[in-house]
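**Student:** Residue numbers (the working numbering): 351 to 444.
Just so it is clear, CB atoms sit at the ideal spot from N, CA and C, and this is done for glycine as well.
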Amino acid sequence: MLSTSNYNIFINNTAISNTYGVILDSSSDNLLISNNASNNNIGFALADSTNNNVTNNSGISNVYGFGLVNSNGSKFIGNNAERNQYGFFVNGTS
């Protein structure tokens, strides 16, 4: 989990069987590339976070594959949401 953290790079990480796989809270300008999150409540979550790059990540067998809440300006490219109850959840985001 990153909270109020900026300009970080996460590449090729795995988060399995947690409440949250990867979460950015009030964080901006981070790179999340080729990470895997499975069997979590939420695979990937961005809350109150801006201008992040989320590319080629996999959220598999979670309740939510990817969740975005009040997060603007982030790029989601080539991500995979598979066998989740909800693939992508978006609220208050543009």
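If I'm right that Ser408 touches Asn386 with Cβ under 8 Å, what's the distance once you round it to whole angstroms?
**Tutor:** 5 Å
**Student:** So what's Asp375 in DSSP terms, helix, strand or just coil?
**Tutor:** strand
**Student:** For Tyr357, does the three-state DSSP call read helix, strand or coil?
**Tutor:** Looking at Tyr357 - three-state DSSP - the assignment turns out to be coil, as it is neither helix nor strand.
**Student:** Look at the alpha carbon of Ala412 and the alpha carbon of Asn429, and state the distance between them as a whole number of angstroms.
**Tutor:** Checking the sequence, you will find Asn at residue 412 rather than Ala. Taking the straight line from one Cα to the other gives about 14 Å.
**Student:** On the DSSP bridge list, what partners appear for Gly417?
**Tutor:** Ala395, Phe439
**Student:** Any heavy atom of the ligand NAD inside 7 Å of the beta-carbon of Gln435?
**Tutor:** Among the ligands in the structure shown, none appear at all, so the ligand NAD cannot be discussed.
**Student:** By the 10 Å Cβ neighbour count, where 16 or more other Cβ atoms means buried, how is Ser424 classified, buried or exposed?
**Tutor:** Looking at its Cβ environment, which holds 16 or more other Cβ atoms inside 10 Å, Ser424 is buried.
**Student:** Checking the sheet assignment: what are the DSSP bridge partners for Asn406?
**Tutor:** Paired residues: none, contrary to the question.
**Student:** In this structure, how does DSSP classify Thr400 when only helix, strand and coil are distinguished?
**Tutor:** strand
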